Amino acid sequence: MTEEKKPEERKKRRTATEAASRIGPMVKATIGGTVQAREEGKPIAYSFICCCYDEIIRAMDIVPVWTENYAGVCGAKRDAQRFLERAEAENFSRSLCTYALCGLGFDAWREELGEMPPESPWGGQARPDMMLGSGQMLCDPRNKWYQASQRYMPDVPVYDVGLPWPPYEDDYDYREVQDYYVKYIVEELKGLVQFLEKHTGRKMDWDRLSELVDLADRTWNLIWETYELRKAVPTPMGTGDAMNTMVPMVFMMGTQEAYDFYKELNDELKHKIANKEGEIPDEKYRLIWGGGLPAWFALTDFNYFNNKGAVFPVETTYRMVEAIYHFDIDLSKITDPLEHVAWRWVKFWTYWYDKAKKRPGSHPDVERLIQYIEDYKIDGIVMHEAFSCRSWHVGLIWQLNQLKKVYRDIPSLILESDIVDISSYNEADTRARIDAFIDTLEAVKSRGR
Amino acid sequence: MPEEATGEGLAAVDRYHQDYGSRARELKRQGKKILGYLCAFVPVEIITAAGFMPFRIKGDVNEPITKADTEMETIVCPLVRSCFDMALKGNYEFLDGIVIPHACDSICRTYDIWKYSLHLPYSHFINMPHGTGKPSLDFYQAVLNTFRTSLSRFAGREISDQELTQAIGLHNQNRAKVRELYELRKASPPLISGTEVARVLIAAMSIPVEESIKMLGDVIEEVKQRGGVLAQKSARIMVVGAQVDSVAFIELIEDSGAWVVADDLCPGAREFFSDVTVTADPIEGIAERYLRKVKCGRTYREMKGNYEEYLEDRFGHMSRMIEGFNVDGVVLYIYKYCDPFGFEVPQIKSYIESKGTPVLYLEDEYSMSTIGRLRTRIQAFLELLGSK
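Protein chains in written order, with the numbering used here: chain A, 218 to 666; chain B, 114 to 501.
Spelled out as structure tokens, the structure:
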């Protein structure tokens with residue numbers, strides 16, 4: 218058994234919005250709820266965020282256990298190392314996704330004990346009845362993690378949903394191929410519904426699914442409109458808070474609770490803007506978090522930026538929605554809920570393609586940065602390279618290089634550590650780099666005065 | 114048939130292996146278009162049918178990665194970084210285009226970097242699905258038809274079914290020759306060393322398929338004629354891993370006192386032990402082969418039956434090879450940052466060990482700098498095998 222280690226004391230991040238401060242207790246209650254659901258015999262599914270199946274599992278009253286979220290919680294509580302070490306002892310390389318390693322280490326330990334590992338953060342991660350992976354262009358662990366988990370839970374079935382989107386290419390327009398992408402995704406989602414029906418003994422309520430899909434559409438629009446409010450100067454909310462407020466977006470989509478959360482956040486931001494109440498009193502530098510998941514154990518770094526007069530009105534990370542009414546098709550006319558979800562998926566991932574085509578040498582990811590830089594009056598870019606995750610952290614250097622080529626040179630900083638593994642993080646070094654970056658921003662501002 | 118490879122099997126192998134890309138360079142000068150590709154999941158049949166030469170981009174364990182780091186994060190698989198470094202340093206200046214498949218995150222997520230940094234006239238991403246069910250197969254056929262159309266545009270002409278069928282025949286012949294070569298490894302001691310086989314397969318990645326067939330045939334004849342020239346060694350080893358496109362690691366094992374007689378590698382058994390079935394629509398057979406027959410960690414095989422049957426479905430070909438090639442021990446050789454194989458290590462290791470064959474798991478960084486450390490581990494493993 219892995220030796221128990223006491224987590225280091227964790228400093229709590231200071232939030233700007235009341236909404237963000239409510240997230241911690243919400244997540245804690247949700248995780249506790251999954252443990253209770255297990256005791257009550259409700260069907261539980263290990264799930265990944267951004268997998269198109271939020272409304273499907275909600276419509277069937279399946280309780281999702283967001284395994285990435287639990288690993289992030291362990292990381293944020295600085296209590297992931299013992300699970301990472303357990304996974305390493307199982308012969309998983311420490312260079313693999315540390316969300317997955319944390320989850321695998323936890324599962325191996327829980328299955329060995331037949332109960333939660335001692336002092337598991339927030340009550341632990343409930344044993345699932347099924348696991349829902351996915352195959353995308355995004356993330357190998359999404360189809361490898363649960364397959365690997367079956368070593369510890371050989372009785373738990375896995376369904377892997379194929380969710381590709383058309384690549385950005387020069388020699389053809391994605392619209393030439395989008396139909397067969399949608400057709401495939403619909404087939405995969407149908408297979409998922411059959412799988413869930415088989416393993417829960419429940420039947421899909423298609424009317425309810427349609428209602429939840431509609432609710433999710435409205436939530437998408439509301440989130441987009443709410444986040445757009447952050448364009449205000451001074452900005453009422455930064456990325457530090459957004460790393461909290463993303464929770465209803467990615468873990469609660471298709472629920473009324475998520476919609477209500479963003480309605481309240483929207484009201485709060487409007488109130489702050491009306492009162493010219495910024496995230497910090499004296500906003501000097503406006504930055505974009507231009508890529509990479511955050512180091513969950515070091516979210517106070519956002520406060521450190523704030524202390525230097527820097528705010529983040531916008532980020533690309535976890536902004537997993539666009540305004541549905543901006544898509545080039547009218548989604549409201551697609552009444553089949555699975556087809557609707559599939560089109561929303563494809564249109565989300567191809568949203569920036571047309572814009573990129575108009576600027577020689579550009580690319581959708583780069584074009585998105587340019588748009589945000591202009592819309593949010595951005596002075597500099599900060600990214601984070603998490604060593605264990607290739608999904609979101611490969612291509613950052615290249616995007617910055619390309620941005621310089623097709624747009625302009627803009628101060629940038631790439632921080633390096635991890636999402637979960639605190640041993641990769643050096644606070645003094647990180648803050649020294651932030652200091653140097655702030656000096657650069659100041660020098661650039663001075664030249665422009 | 115071009116003369117370059119005629120009548121000189123192992124000598125041709127040495128030439129192409131030492132000066133990797135030399136034949137492509139020659140053909141380029143003669144007007145042939147060369148398309149570079151990464152990984153065994155690019156259906157080379159379609160490239161051949163279009164009249165282009167498929168050329169496998171490889172890295173170099175002896176070359177420190179320097180230039181690539183200005184564009185590509187160091188958290189990318191070191192093999193992919195090395196390949197990109199070699200390309201940036203001008204080693205593949207003859208390429209007219211690149212084709213990159215949805216193999217793994219390191220390959221998939223760097224497609225744009227390759228495309229925008231090399232500025233080649235042609236680039237294409239093959240969006241291969243992960244699943245192997247009917248919807249995935251149908252989708253993959255559509256993806257391959259998009260590739261066919263894209264290549265036709267670049268070629269300025271249609272790619273006919275007949276040309277595809279012909280190309281399928283050629284690549285199947287090539288695979289059959291490799292399997293014939295592997296048969297020579299079954300003898301004890303083997304008739305051909307693992308290092309020689311690795312060199313042959315690497316050389317074959319860099320020449321047109323017709324020349325590869327001829328070269329392989331010549332190598333087989335030459336080896337048969339020279340007979341049993343190899344000495345007996347202490348153990349027969351199988352290497353399992355992702356793409357091992359350098360002989361250094363195989364050579365290390367053989368220098369340590371064992372023969373490498375089998376593998377589940379690329380290039381190697383993984384990509385040469387299954388053929389494309391000739392179908393009325395040739396794309397159908399191609400899709401079936403790459404999605405369902407090539408067993409690689411990047412593909413998600415749906416579970417059928419119980420867990421033990423699932424492991425058998427995923428790794429049974431390894432145990433059959435262990436038996437068929439009379440393997441004493443397996444070296445599981447995985448690169449750092451390799452998600453598809455990294456997550457499979459505990460399952461592969463326990464599966465093979467459960468069949469009674471010892472496994473040594475090594476994680477490496479695709480660099481000669483680690484050879485010393487690896488040698489110590491391998492020597493200890495061979496001692497362990499010897500004591501059994």
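Virtual Cβ for every residue (Gly too), placed ideally from N, Cα, C. Quick caveat, the model's predicted, so the values are computed rather than measured.
* Asked: On the three-pair Cβ rule with 8 Å, is the segment 635-643 of chain A touching the segment 314-323 of chain A?
  -> yes
* For residue 122 of chain B, return the contacting residues in chain A, with the cut-off set at a CB-CB distance below 9 Å. => Residues of chain A whose Cβ lies closer than 9 Å to the Cβ of residue 122 of chain B do not exist, since the nearest Cβ in that chain is about 39 Å away.
* Asked: What's the C-alpha gap between residue 247 of chain A and residue 250 of chain B?
  -> 38 Å
* Min CB distance residue 397 of chain B to chain A below 8 Å -> no
* Between which two residues does the alpha helix (DSSP H) containing residue 379 of chain B stretch? -> First-last for residue 379 of chain B: 371-379, but that is the beta strand (DSSP E), not the alpha helix (DSSP H).
* To do: Kindly list, in the order they appear in chain A, the residues whose Cβ is closer than 8 Å to that of residue 223 of chain B.
  => 611, 612
* **Reference residue 348 of chain A; option with closest CA among A:354, A:339, A:362** => Looking at the Cα atoms, A:362 is the closest of the given residues.
* Any 3 or more C-beta pairs closer than 8 Å across the segment 455-473 of chain A and the segment 266-281 of chain A -> Taking one beta carbon from each stretch, the segment 455-473 of chain A and the segment 266-281 of chain A have 3 or more pairs nearer than 8 Å; the two touch.
* To do: For residue 362 of chain A, go through chain E and note every residue whose CB falls closer than 9 Å to its CB, in chain order.
  => Within the model displayed, chain E is absent; protein chains A and B are what it includes.
* To do: Would you identify the three-state DSSP class for residue 411 of chain A, choosing helix, strand or coil?
  => helix
* To do: With a threshold of 7 Å, establish whether the CB of residue 360 of chain A neighbours any heavy atom of the ligand NAP.
  => Although the ligand NAP was asked about, the structure shown includes no ligands whatsoever.
* At a CB-CB cut-off below 7 Å, which residues of chain B make contact with residue 395 of chain A? -> Within chain B, no residue has its beta carbon less than 7 Å from that of residue 395 of chain A; the closest one is some 11 Å off.
* To do: Check the Cβ of residue 226 of chain B against every Cβ in chain A and list those closer than 9 Å, keeping chain order.
  => 611, 612, 614, 615
* Compare the C-beta of residue 175 of chain B against all C-beta atoms of chain A and say whether one is closer than 8 Å. => It does not: the Cβ of residue 175 of chain B has no partner Cβ on chain A nearer than 8 Å.
* Please name the residue, chosen from B:332, B:146, B:429, that lies closest to residue 124 of chain B on a Cα-to-Cα basis. => Nearest to residue 124 of chain B by alpha-carbon distance, out of B:332, B:146, B:429, is B:332.
* To do: Determine, using beta carbons only, whether residue 350 of chain B and residue 322 of chain B come nearer to each other than 8 Å.
  => no
* Reference residue 381 of chain B; option with closest CA among B:365, B:440, B:295, B:422 -> B:295
* **Presumed contact (8 Å Cβ cut-off) between residue 503 of chain A and residue 593 of chain A, rounded CB distance** => Between residue 503 of chain A and residue 593 of chain A, the beta carbon gap of about 6 Å places them in contact (Cβ cut-off 8 Å).
* Could you confirm whether any beta carbon from chain B is found closer than 8 Å to the beta carbon of residue 365 of chain A? => Yes, residue 365 of chain A lies at the interface with chain B (some Cβ there is under 8 Å from its Cβ).
* To do: State the beta-bridge partners of residue 210 of chain B as determined by DSSP.
  => B:148, B:235
* Measure from the C-beta of residue 178 of chain B to each C-beta in chain A and report whether the shortest distance is under 8 Å. => no
* In chain B, what lies closer than 7 Å to residue 295 of chain A by C-beta? -> Going along chain B, no residue has its Cβ under 7 Å from residue 295 of chain A, so there is no contact; the nearest lies around 22 Å.
* **Cβ contact (3+ pairs, closer than 8 Å) linking the segment 251-264 of chain B and the segment 154-170 of chain B** => Because the criterion of three Cβ pairs below 8 Å is met, the segment 251-264 of chain B and the segment 154-170 of chain B touch.
* Asked: Where do the ends of the beta strand (DSSP E) carrying residue 601 of chain A lie?
  -> Unbroken beta strand (DSSP E) run through residue 601 of chain A: 597-603.
* Under a three-way DSSP split, which group does residue 348 of chain A fall into? -> strand
* To do: Check distances from the C-beta atoms of the segment 262-275 of chain B to those of chain A and list, in chain order, the residues that come in under 7 Å.
  => Answer set for the segment 262-275 of chain B: 263, 266.
* To do: Would you check if there are 3 or more beta carbon pairs closer than 8 Å linking the segment 201-215 of chain B to the segment 135-150 of chain B?
  => As far as the Cβ criterion goes, the segment 201-215 of chain B touches the segment 135-150 of chain B, which means the pair count is three or higher.
* Would you give the residue range spanned by the alpha helix (DSSP H) that residue 159 of chain B belongs to? => 157-162
* Helix or strand or just coil, what does DSSP make of residue 248 of chain B? -> helix
* So, does the CB of residue 162 of chain B fall closer than 8 Å to a CB anywhere in chain A? -> no
* Burial state of residue 227 of chain B (16 or more Cβ within 10 Å) -> buried
* **Sequence-distant residues of its chain with Cβ nearer than 6 Å to residue 251 of chain A (five each side left out)** => 280, 282, 343
* Asked: What span of residues does the alpha helix (DSSP H) with residue 353 of chain B cover, start to end?
  -> Premise fails: residue 353 of chain B lies in the beta strand (DSSP E), 348-356, not in any alpha helix (DSSP H).
* **Runs of beta strand (DSSP E) wholly within the segment 321-387 of chain A (minimum 3 residues, chain order)** => 347-352, 375-379, all fully within the segment 321-387 of chain A.
* To do: Name the two residues that bound the continuous beta strand (DSSP E) containing residue 424 of chain B.
  => Careful: residue 424 of chain B lies outside any beta strand (DSSP E), inside the alpha helix (DSSP H) at 420-437.
* To do: Measure from the C-beta of residue 377 of chain A to each C-beta in chain B and report whether the shortest distance is under 8 Å.
  => Yes, residue 377 of chain A lies at the interface with chain B (some Cβ there is under 8 Å from its Cβ).
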